[in-house]
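Before any comments, here is the structure.
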Amino acid sequence: MTRIHASAVVDPKAELASDVEVGPYSVIGPNVKIGAGTKVGSHAVIEGYTTIGANNNFAHFAAIGGPPQDMKYRGEPTQLIIGDRNTIREFTTIHTGTSQDEGITRIGNDNWIMAYVHIAHDCQLGNHTIFSSNAQIAGHVKVEDWAIMGGMSGVHQFVRIGQHALLGGASALGQDIPPFVIAAGGKVSPHGINVEGLKRRGFSSETISALRQAYKVLYKDGLSFEDAKSGIQKMVAAHAADQATAEKLAQFHDFIAASTRGIIR
980 MTRIHASAVV
990 DPKAELASDV
1000 EVGPYSVIGP
1010 NVKIGAGTKV
1020 GSHAVIEGYT
1030 TIGANNNFAH
1040 FAAIGGPPQD
1050 MKYRGEPTQL
1060 IIGDRNTIRE
1070 FTTIHTGTSQ
1080 DEGITRIGND
1090 NWIMAYVHIA
1100 HDCQLGNHTI
1110 FSSNAQIAGH
1120 VKVEDWAIMG
1130 GMSGVHQFVR
1140 IGQHALLGGA
1150 SALGQDIPPF
1160 VIAAGGKVSP
1170 HGINVEGLKR
1180 RGFSSETISA
1190 LRQAYKVLYK
1200 DGLSFEDAKS
1210 GIQKMVAAHA
1220 ADQATAEKLA
1230 QFHDFIAAST
1240 RGIIR
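Quick note: the sequence shown uses the working numbering, first residue 980, plus one each step.
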């Protein structure tokens, strides 16, 4: 049975699964859909064309599905889509998309989003990411699986953050972070491969060693960007017998090759 506190305001047009919980003084708008097992804390607001999956947990004062902070926005029915098993803590803001992009902000599954985080319009989050308190990402940012955002970090619009990357606290990021890389600083610079994180996630020593070598080719060998890409592409072929390693090297290569903002240097 849905448990809605008497002081909550839930629009009759909203679609809530039978076991959703809504805390005191929360507001749920008419175009909201919330899946099974999801809990909404007190004083939270969920509005807009927002679709939420199963077993999510929204803490007190979260502001979800609000209109984008974009002066070009004219009230178009853009969307926010949130997957399953996400934890979204106090005072987090997540906005719907804009018609200048696909019109959808997406949050995947199993993400851990701490207090005062801001996820702007048209952002695309993968799965298993961690956003430490006060991390702020501008519009159109893409954050891949298992990436970690340090507290009080800020990310410029259209930036991409690769899988298993780690952005240190109080960093200001204006370019892409390749997968598996640690980055930090007021003007963000690379600080090696996220070795400890990869070990925790079951990467073999052979794969980690190959990624460290690819990092060296890109950042330490003094090569031009084009020569570094070519060198990493050769590494992919050289590791063809080890499918897991070749796959991760290919992801590293393909990410940097596709960068339009340029990668951190």
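For each residue, glycine too, the CB sits at the ideal point set by N, CA and C.
Owing to the predicted nature of the structure, the values given are computational and were not obtained by experimental measurement.
Inside the stretch 1057-1106, DSSP marks no whole alpha helix (DSSP H) run of 4 or more residues. Taking 8 Å as the cut-off, the Cβ atoms of A1099 and Q1048 count as close. In the DSSP assignment, I1161 falls within the unbroken beta strand (DSSP E) covering V1160 to A1163. Partner residues in the beta bridge of T1029, as assigned by DSSP, are V1011 and L1059.
R1191 carries a helical assignment under DSSP once its states are collapsed to helix, strand and coil. Counting along the chain, A1042 sits inside no alpha helix (DSSP H); it lies in the beta strand (DSSP E) bounded by residues A1042 to G1045.
Taking the Cα positions, I1140 is about 24 Å away from G1045. Around the CB of R1053, fewer than 16 other CB atoms lie within 10 Å, so the residue is classed as exposed. Judged by pairs of C-beta atoms under 8 Å, the stretch 1171-1191 touches the stretch 1224-1244, as three or more such pairs exist. A1216 has its alpha-carbon roughly 44 Å from the corresponding atom of T1071. Per DSSP, the beta bridge partners of A1151 are G1133. When secondary structure is reduced to three states using DSSP, K1121 falls in the strand class. In the DSSP assignment, I1172 falls within the unbroken beta strand (DSSP E) covering S1168 to I1172. When DSSP states are grouped into helix, strand and coil, R1244 belongs to the coil group. The closest CA to that of V1174, considering only A1041, Y1194 and P991, is found on Y1194. Across the structure, G1076 and Q1103 are spaced so that their CA atoms are roughly 10 Å apart. By the C-beta density criterion, A1236 is exposed, having fewer than 16 other C-beta atoms within 10 angstroms.
Taking C-beta atoms as the reference points, H1170 and I1161 count as a pair closer than 8 Å. Assignment of Q1115 by DSSP, reduced to helix, strand and coil, places it in the strand class.
Per DSSP, reduced to three states, the secondary structure at V1196 is helical.
Within its own chain, the residues whose Cβ lies closer than 6 Å to the Cβ of S1238, once the five positions on either side in sequence are excluded, are D1155, listed in chain order. Counted as a single uninterrupted DSSP element, the alpha helix (DSSP H) harbouring A1229 occupies residues Q1222 to A1237. DSSP places I1156 in no alpha helix (DSSP H); its state is neither H nor E. A direct Cα-to-Cα measurement between A1114 and M1128 gives close to 7 Å. In the DSSP assignment, M1128 forms a beta bridge with F1110 and L1146. Note: F1037 is bridge-paired with V1019 and I1067 in the DSSP secondary-structure output.
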